[in-house]
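Under numbering that gives the first Met the number 0, the residues of the sequence shown are numbered 0 to 192, in order. Using N, Cα and C, we set each Cβ at its ideal position, and we do this for glycine too. Source: prediction; values computed, not measured.
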Amino acid sequence: MFWMLQKMKRINKKNINTPDYWNVHPTTEEFGLRHEKYFEIAGNGERIIDLGCGKAPFLDIVRRRFKESWGLDYSPETLKYNRQKFPAINYIEGDAQNTLFRDDCFDVVVAGEIIEHMENPIILLKEMLRICKPNGKLILSTAIMEYNDPEHIWEFNTKDFKEWGFTVEMIRSERFPGRSYIFAYGRKSDLSI
């Protein structure tokens, strides 16, 4: 696992990403181009989870395609907001790198805009694989930044995800000029992490 971290580009030594930080600096509620892409890739199934769900209404929109929709975040304030705004979603407080879900339990596992915030992104990827059904889908996205965001520890390129077996697409941000997003997705059975 250490060799994978050596190949990735660390951009900030200090990790400010804590539940306390995100309680004070919550994500904004938006459904933008990247959420539309998650929706397109997700398809349908029994269960979907969005790790690090933030305040995005993505799960409320995609839930019509799934019997169960789950959102996990470690910010209690974000979850309090979500439970009031989107009561049909199952929200749980927790760490995306160490969930309490059993193995092979979700058809789709989404981690949008969180991998770059992790101290060890490989742990997140392995947890996504663990909770995803054998033929399930993993969906990730991360920003290619136009500036050094202190919240981001890592910056990825398309090669990083392709080496793990993901299909990769680049999409320009409609909200932030100069920013692009990497979308990486694939079936659990096709990935090698």
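Beta-bridge partners of residue i, as assigned by DSSP
i	result
residue 67	46
residue 110	139
residue 185	137
residue 92	72
residue 9	153
residue 255	Only positions 0 to 192 of the chain appear in the structure, and residue 255 is not among them; the question remains open.
Cβ-Cβ separation, residue j to residue i (assumed contact under 8 Å), whole Å
i	j	result
residue 73	residue 93	6 Å
residue 136	residue 103	Going by Cβ atoms, the distance from residue 136 to residue 103 rounds to 13 Å, so no, they are not a contact pair.
residue 134	residue 84	Rounded, the Cβ-Cβ distance is 32 Å, inconsistent with contact.
residue 77	residue 53	6 Å
residue 113	residue 58	About 15 Å; that fails the 8 Å criterion.
residue 46	residue 69	7 Å
residue 105	residue 143	That pair is no contact at about 27 Å.
Cβ-based neighbour list, residue i, same chain, cut-off 6 Å, excluding 5 preceding and 5 following
i	result
residue 38	61
residue 115	141, 151, 153
residue 36	182
residue 12	none
residue 66	45
Cβ shell of residue i (< 7 Å), same chain only, five flanking positions each side left out
i	result
residue 118	14, 152
residue 189	164
residue 9	152, 153
From the options, residue whose alpha carbon lies closest to that of residue i
i	options	result
residue 139	163, 77, 75	163
residue 167	8, 40, 59	40
residue 71	147, 19, 110, 179	110
residue 122	192, 172, 63, 100	192
residue 169	91, 16, 8, 157	157
residue 20	172, 75, 8	75
residue 155	82, 128, 179	179
residue 147	177, 159, 64	177
Contacts around residue i, its chain only, beta-carbon distance under 8 Å, and the 5 residues preceding and following it disregarded
i	result
residue 99	91, 93
Quick one: complete alpha helix (DSSP H) runs, 4+ long, within the segment 122-181? With a minimum length of 4 residues, the continuous alpha helix (DSSP H) runs that stay inside the segment 122-181 are 157-162.
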